[in-house]
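Residue numbering for the sequence shown follows the numbering used here, starting at 29 and increasing by one per position. Note that CB positions come from ideal geometry on N, CA and C, so glycine has one too. Presented below is the structure to which this report refers.
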Amino acid sequence: MIFNKQWIDEWVENNLSAEQLSDMITMAGLEVDSISPVADNFDKVVVGKVLECVPHPDSDHMHVTKVDVGNGQVFQIVCGAHNCREGLKVCCSLIGAHVNGITIKKAKLRGVESNGMLCSYKELGMADESDGIVELPEDAPLGMDIREYFKLNDNVIDVDLTSNRPDCLGICGIAREVAVLLGKEFKHPEVKSVAPEIQDVFPVEVEDKDACPRYIDRVIRGVNQKAKSPLWMVEKLRRCGIRSVSPIVDVTNYVMLEYSQPLHSFDLNKLNDKIVVRKAHKDEPITVLSGEEIKLKDNTLIIADNKGPVALAGIFGGLNSGIDENTTDVLLESAFFSPDAIKGRARQYGLDTDASHRFERGVDHDNQLRAMERATALLIEIAGGKAGPVNEVVAQDKIPVHKPITLRLSKLYKVLGETIDENTVYTILKNLELNPVKVDGGFTAVSPSFRFDIAIEEDLIEEVARIYGYDNIPNATPVSELYMVHEKEEVVLDRQIKKALVDVGYNEAITYSFTDPKVLSEFSDIKPLMLTTPISPELSAMRTSLLAGLSIVAKYNANRQQRKVRLFEQGLRYIIDKDAENGVRQEAMIAGISVGDIDDESWTQKSRAVDFFDVKGDVEALLAVTADADAYTFARSNEKFLHPGQSADIFKNGVKIGFVGMLHPLTAKALGFKQHVGVFELLRSAVEKRVVPVYHPISKFPSVRRDFAFVIDKSVPVASLTALIKSVGGAIVQDVKIFDVFEDESLGDKRSVALGVIAQDVEHTLEDAQIDELSSKIVEEAKNKFGAVLRS
Numbered sequence: 029m030i031f032n033k034q035w036i037d038e039w040v041e042n043n044l045s046a047e048q049l050s051d052m053i054t055m056a057g058l059e060v061d062s063i064s065p066v067a068d069n070f071d072k073v074v075v076g077k078v079l080e081c082v083p084h085p086d087s088d089h090m091h092v093t094k095v096d097v098g099n100g101q102v103f104q105i106v107c108g109a110h111n112c113r114e115g116l117k118v119c120c121s122l123i124g125a126h127v128n129g130i131t132i133k134k135a136k137l138r139g140v141e142s143n144g145m146l147c148s149y150k151e152l153g154m155a156d157e158s159d160g161i162v163e164l165p166e167d168a169p170l171g172m173d174i175r176e177y178f179k180l181n182d183n184v185i186d187v188d189l190t191s192n193r194p195d196c197l198g199i200c201g202i203a204r205e206v207a208v209l210l211g212k213e214f215k216h217p218e219v220k221s222v223a224p225e226i227q228d229v230f231p232v233e234v235e236d237k238d239a240c241p242r243y244i245d246r247v248i249r250g251v252n253q254k255a256k257s258p259l260w261m262v263e264k265l266r267r268c269g270i271r272s273v274s275p276i277v278d279v280t281n282y283v284m285l286e287y288s289q290p291l292h293s294f295d296l297n298k299l300n301d302k303i304v305v306r307k308a309h310k311d312e313p314i315t316v317l318s319g320e321e322i323k324l325k326d327n328t329l330i331i332a333d334n335k336g337p338v339a340l341a342g343i344f345g346g347l348n349s350g351i352d353e354n355t356t357d358v359l360l361e362s363a364f365f366s367p368d369a370i371k372g373r374a375r376q377y378g379l380d381t382d383a384s385h386r387f388e389r390g391v392d393h394d395n396q397l398r399a400m401e402r403a404t405a406l407l408i409e410i411a412g413g414k415a416g417p418v419n420e421v422v423a424q425d426k427i428p429v430h431k432p433i434t435l436r437l438s439k440l441y442k443v444l445g446e447t448i449d450e451n452t453v454y455t456i457l458k459n460l461e462l463n464p465v466k467v468d469g470g471f472t473a474v475s476p477s478f479r480f481d482i483a484i485e486e487d488l489i490e491e492v493a494r495i496y497g498y499d500n501i502p503n504a505t506p507v508s509e510l511y512m513v514h515e516k517e518e519v520v521l522d523r524q525i526k527k528a529l530v531d532v533g534y535n536e537a538i539t540y541s542f543t544d545p546k547v548l549s550e551f552s553d554i555k556p557l558m559l560t561t562p563i564s565p566e567l568s569a570m571r572t573s574l575l576a577g578l579s580i581v582a583k584y585n586a587n588r589q590q591r592k593v594r595l596f597e598q599g600l601r602y603i604i605d606k607d608a609e610n611g612v613r614q615e616a617m618i619a620g621i622s623v624g625d626i627d628d629e630s631w632t633q634k635s636r637a638v639d640f641f642d643v644k645g646d647v648e649a650l651l652a653v654t655a656d657a658d659a660y661t662f663a664r665s666n667e668k669f670l671h672p673g674q675s676a677d678i679f680k681n682g683v684k685i686g687f688v689g690m691l692h693p694l695t696a697k698a699l700g701f702k703q704h705v706g707v708f709e710l711l712r713s714a715v716e717k718r719v720v721p722v723y724h725p726i727s728k729f730p731s732v733r734r735d736f737a738f739v740i741d742k743s744v745p746v747a748s749l750t751a752l753i754k755s756v757g758g759a760i761v762q763d764v765k766i767f768d769v770f771e772d773e774s775l776g777d778k779r780s781v782a783l784g785v786i787a788q789d790v791e792h793t794l795e796d797a798q799i800d801e802l803s804s805k806i807v808e809e810a811k812n813k814f815g816a817v818l819r820s
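Below, the structure is given as structure tokens:
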């Protein structure tokens, strides 16, 4: 909203400067974007009258004039404006004046002496563009300083309003705010009714009463379109960013700026039969005032006559009913359109008007008659004419009803942290026109028709706070009680599972529970549950494996030059099971996929593709969350979609819970992958319970390491060998490290596995005899259980 300070001063008496006013309303929630003068800082420019205007002897576009500037002073001035003529009152800059960044001096223009300059609005800094010099009214007093004549000691204030304050899209609303902030009761200027001089009424039919609860029109005949809008009106419009067009258009714009109530004017002689407020028919055409033809959508509220649309309701007028220079009879419209009926409609046609800006945010539903009477009086005063009676169609049951709201003083004090005097609260509510009534412990209030954003107790608290002044509320540390909330174990575990995978480079994905049956068949032989009405054939099967959705997402990213794609997901899989509820067993799973490189290329290393041990290590990091890693073992997997030599089934206490490995090359090719792909999937229930950590003191005694190189069958998992060593050593075996695996033709179907066993006791230093005894037990048990022998 752009407005000028002097206009506010007419509505509310105050001694504030523009800066003080701006600071005050900004602190009350009406944020001021800018303050700027209404004109440049020129001087020595006065009202003059052109006594004589003749063509320049050496120019085809300039004139030589004689200009009377009062006090018997007449100057010869050369002017190039096309509208310069004898008898015209003008803005005359005298010798020595500072205008438009230059100093006016006596000069010769093509051999003719010029003693000043006749100015345009642009040269005075009062407009960005202007067509010729300023034409002043005939009653402008000669010699009067132009700054005084135009009252240019004024500022334009630009306020960035939030969408909940459409009441401040008019001078009335801004002035009301200023009055309340100054502690004054706002008094509305009196708007007198205009008595009808003719009995002409143009009938109205409102079909959509929800969209238009109130519609007022009025016939005015005999309007003189050649009349000029008064300077005070033109200046107020200009300072608010609106160009003067004609008396009718200027009046409707002026009243809109005053009361935030858009009006529309029709050429009465272009309308047929009656006004109908209705929804448009699909593709119904209308040519709007800008000349653009629009095909209407059936969600658009329109104003029509018996021939078709004549305006987009609350948005834009139609060219076929618009005011032109020949208009003498006018139909004025003042309506309340529901915000829901207007919201978004202008944008769908690429339009944005002052009217739509106000209507889609909401206008005062009790303001239409006041605006109509004000516009009627101004139009008749400026351009003459005779008005008919006001014609109103209203659906009272559709007009918004504002319900009482209770404000508890205890709640007010608690929220603000400040005890405000009860009488002060009452005065604030009263000045805001909230009609407060004292009740036990507080007040009840009813929001006025122009403040439909006030609906709950918190809204009243905000109003009291901003009028009381946020700066008047002392800074204080909030007083509150802090409680240590016990987190459920499953919540903690869920967070730790995600963290474990994120820490090793995975991102969480969430895919649909329904997926492509072709992709799903690559991961599972289980018959899926098929949807009867799928979104598409590619989303027709309920997943029996999370890897189907993850592989689709991973391929999408890999195909877009993502060299390192690592994703995981937690979710349900759905297995047909006649013994389960509704015939479907739902199992919570955790799955992951790793595609492409595992390491980024750098000066210290080359990039490396993901392999089985990378993905297995990721799974081990996940299982470590349970603090029971020894319960999990790995064994060769027979899953057909996994690489036979680079895959493993995962067991917990001997029960299979999932798998990990690299995709079989044929599976990867079928899925469209060109890179190495590692996957894992396991039951979430297998990692849902954590072993409570038991803390032991760190041993202060030295550790001892013994290395063993066993020759064992290739069929024996190395994990089984390490588990055996830990069970033999008991508490003194702190760790078993595998540091070498050797295979050779000379070993046949066996391999050499080198391990480092680290032993340490927390109570004393281990002696050689104890170490030797432990070593002998390890060798003996490895031989007895796995047929392992020490490599010679």
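When burial is assigned at 16 or more other CB atoms within 10 Å of the CB, is residue 424 buried or exposed?
Result: exposed.
Please state whether the Cβ-Cβ distance between residue 103 and residue 143 is less than 7 Å.
Residue 143 is positioned such that its CB atom lies closer than 7 Å to that of residue 103.
Grab the span of the beta strand (DSSP E) containing residue 142 for me, first residue to last.
Segment 140-142, the beta strand (DSSP E) holding residue 142.
For residue 436, list the residues DSSP reports as bridge partners.
Looking at the DSSP assignment, residue 436 forms a beta bridge with 470.
Give the DSSP-derived three-state secondary structure of residue 289 in the structure shown.
Residue 289 carries a coil assignment under DSSP once its states are collapsed to helix, strand and coil.
Is there contact here, the region 87-95 with the region 121-133, by at least three beta-carbon pairs under 8 Å?
Between the region 87-95 and the region 121-133, the count of C-beta pairs closer than 8 Å stays below three; the two stretches do not touch.
Expressed to the nearest angstrom, what Euclidean distance is found between the alpha-carbon atoms of residue 793 and residue 665?
Rounded to whole angstroms, residue 793 to residue 665 spans 43 Å at the Cα level.
Under 7 Å, do residue 417 and residue 231 count as touching if we go by C-beta distance?
The Cβ atoms of residue 417 and residue 231 lie no closer than 7 Å to each other.
Would a C-beta distance cut-off of 7 Å place residue 300 and residue 334 closer than the cut-off?
Residue 334 is positioned such that its CB atom lies closer than 7 Å to that of residue 300.
Taking the Cβ atom as the reference point for each residue, do residue 293 and residue 358 lie within a distance shorter than 7 Å?
For residue 293 and residue 358, yes; Cβs fall inside 7 Å.
Could you please give the first and the last residue of the uninterrupted alpha helix (DSSP H) stretch that includes residue 756?
Here the alpha helix (DSSP H) through residue 756 covers 746-757.
At which residues does the alpha helix (DSSP H) containing residue 385 begin and terminate?
Segment 382-387, the alpha helix (DSSP H) holding residue 385.
Cβ-Cβ separation, residue 162 to residue 148 (assumed contact under 8 Å), whole Å:
Yes, they are in contact, since the Cβ atoms of residue 148 and residue 162 sit about 6 Å apart, within 8 Å.
Is the Cβ-Cβ distance between residue 66 and residue 50 less than 7 Å?
Cβ distance not < 7 Å, so residue 66 and residue 50 don't count as in contact.
Which residues does DSSP pair with residue 633 in a beta bridge?
Residue 633 is bridged by DSSP to 630.
So residue 693 is in the alpha helix (DSSP H); what residue range does that whole segment cover?
It spans 693-698 - the alpha helix (DSSP H) in which residue 693 sits, taken as one unbroken run.
Taking a contact to mean a Cβ-Cβ separation below 7 Å, would you say residue 739 touches residue 817 in this structure?
In this structure, residue 739 sits near residue 817, with a CB-CB distance shorter than 7 Å.
If I follow the unbroken beta strand (DSSP E) through residue 93, where does it start and stop?
Secondary structure note for residue 93: its beta strand (DSSP E) is the uninterrupted segment 91-96.
Could you tell me whether any Cβ in chain B is nearer than 7 Å to the Cβ of residue 533?
The displayed structure is made up of one protein chain only, and chain B is not part of it.
What residues are listed by DSSP as bridge partners for residue 131?
Partner(s): 126.
Supposed close pair residue 568, residue 558 - CB separation, criterion 8 Å
A Cβ-Cβ distance of about 6 Å is found for the pair residue 568 and residue 558, placing them in contact under the 8 Å criterion.
Are the region 526-539 and the region 476-488 touching by the rule of at least three beta carbon pairs closer than 8 Å?
Verdict: no, contact absent.
So what's residue 275 in DSSP terms, helix, strand or just coil?
Residue 275 falls in the helix class under three-state DSSP.
Since residue 65 is in the beta strand (DSSP E), which residue starts that stretch and which ends it?
Start and end: 59-65.
Going by C-alpha distance, which of 703, 469, 679 and 705 is nearest residue 711?
Among 703, 469, 679 and 705, the Cα nearest to that of residue 711 belongs to 679.
C-alpha distance - residue 780 paired with residue 754, whole-angstrom precision:
Their Cα atoms are separated by approximately 19 Å.
Could you compute how far the alpha carbon of residue 363 sits from the alpha carbon of residue 185?
Rounded to whole angstroms, the separation of the alpha carbons of residue 185 and residue 363 is 28 Å.
From 724, 766 and 728, pick the residue whose C-alpha is nearest to that of residue 734; which is it?
Of the residues 724, 766 and 728, the one whose Cα lies closest to the Cα of residue 734 is 766.
Considering only their Cβ atoms, is the gap separating residue 536 from residue 501 smaller than 7 Å?
No. Outside cutoff.
What residue from 692, 263, 633 and 647 has the CA that sits closest to residue 667's CA?
Of all alpha-carbon atoms in 692, 263, 633 and 647, the one lying nearest the alpha-carbon of residue 667 is that of 692.
May I ask you to report which of helix, strand or coil DSSP gives residue 475?
Of the three classes helix, strand and coil, the one that applies to residue 475 here is coil, per DSSP.
For residue 813, report the span of its alpha helix (DSSP H) as first-last.
796-814 is the extent of the alpha helix (DSSP H) around residue 813.
Where residue 113 falls: helix, strand or coil (DSSP):
It is coil, neither helix nor strand.
Between residue 316 and the rest of its own chain, which residues show a CB-CB distance below 8 Å, the 5 nearest in sequence each way excluded?
Shown here for residue 316: same chain residues with a beta carbon closer than 8 Å to its own, the five before and five after excluded, namely 322, 340, 344, 345, 346, 347 and 379 in chain order.
Indicate whether residue 117 and residue 180 have their beta-carbon atoms separated by less than 7 Å.
Going by C-beta atoms, residue 117 is not nearer than 7 Å to residue 180.
Among the residues of its own chain, which have a CB less than 6 Å from the CB of residue 275, if the five just before and after it don't count?
Contacts found: 255, 257, 410 and 411.
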